[in-house]
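Input: a single structure, listed below in structure tokens.
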């Protein structure tokens with residue numbers, strides 16, 4: 689008896705799949721090749737285990753990775769670009785501060801409160817970058833803070 693999905697019921701709870709003639713033919717060819725010791729190329733060859741003479745490489749230690757300094761990438765910005773970035777960053781920080789000042793912290797959901805803390809952290813990091821003279825980082829952090837603060841405002 690054959691069911692509609694191609695499985696033949698056998699002994700209770702067991703299922704057997706009938707092989708199509710194409711699958712059976714392929715299986716027969718594979719078994720024949722395996723019994724003759726030939727591979728796909730048709731020539732007989734023996735398989736030898738890999739040599740154990742080659743020493744294995746030891747994984748690099750964590751301490752070694754700590755001694756190599758990370759490459760520093762420094763993007764040179766013209767004075768004009770610096771002035772633009774700083775002005776934009778200061779504007780973003782002012783807008784962000786104004787946005788978060790409007791938020792009633794007493795009636796904020798836990799998820800929004802976490803975002804608010806992140807915004808405040810980004811503002812602090814942007815101001816710190818500005819004090820260090822890293823205008824690019826200041827602009828990036830201020831922009832991220834403003835975008836995240838925008839998500840907190842009611843639509």
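Residue numbers (our numbering): 689 to 843. No residue lacks a Cβ here, since even glycine has one placed at the ideal position from N, Cα and C.
Query	Result
CA-to-CA distance, residue 834 to residue 798, given in whole angstroms	20 Å
Close-in-space but distant-in-sequence residues of the same chain around residue 791 (CB under 7 Å, 5 per side omitted)	804, 840
Any alpha helix (DSSP H) of 4 or more consecutive residues that is wholly inside the segment 745-801	750-755, 767-789
Helix, strand or coil at residue 818 [DSSP, three-state]	helix
Cβ-Cβ distance between residue 830 and residue 777 below 7 Å	yes
Whole-angstrom distance between residue 814 and residue 771, CA atom to CA atom	15 Å
Exposure of residue 818, with buried meaning 16 or more beta-carbon neighbours within 10 Å	buried
CB of residue 807 within 7 Å of CB of residue 837, strictly	yes
Cβ-based burial, residue 801 [other Cβ within 10 Å; buried from 16]	exposed
Through-space distance from residue 782 to residue 809, alpha-carbon basis	15 Å
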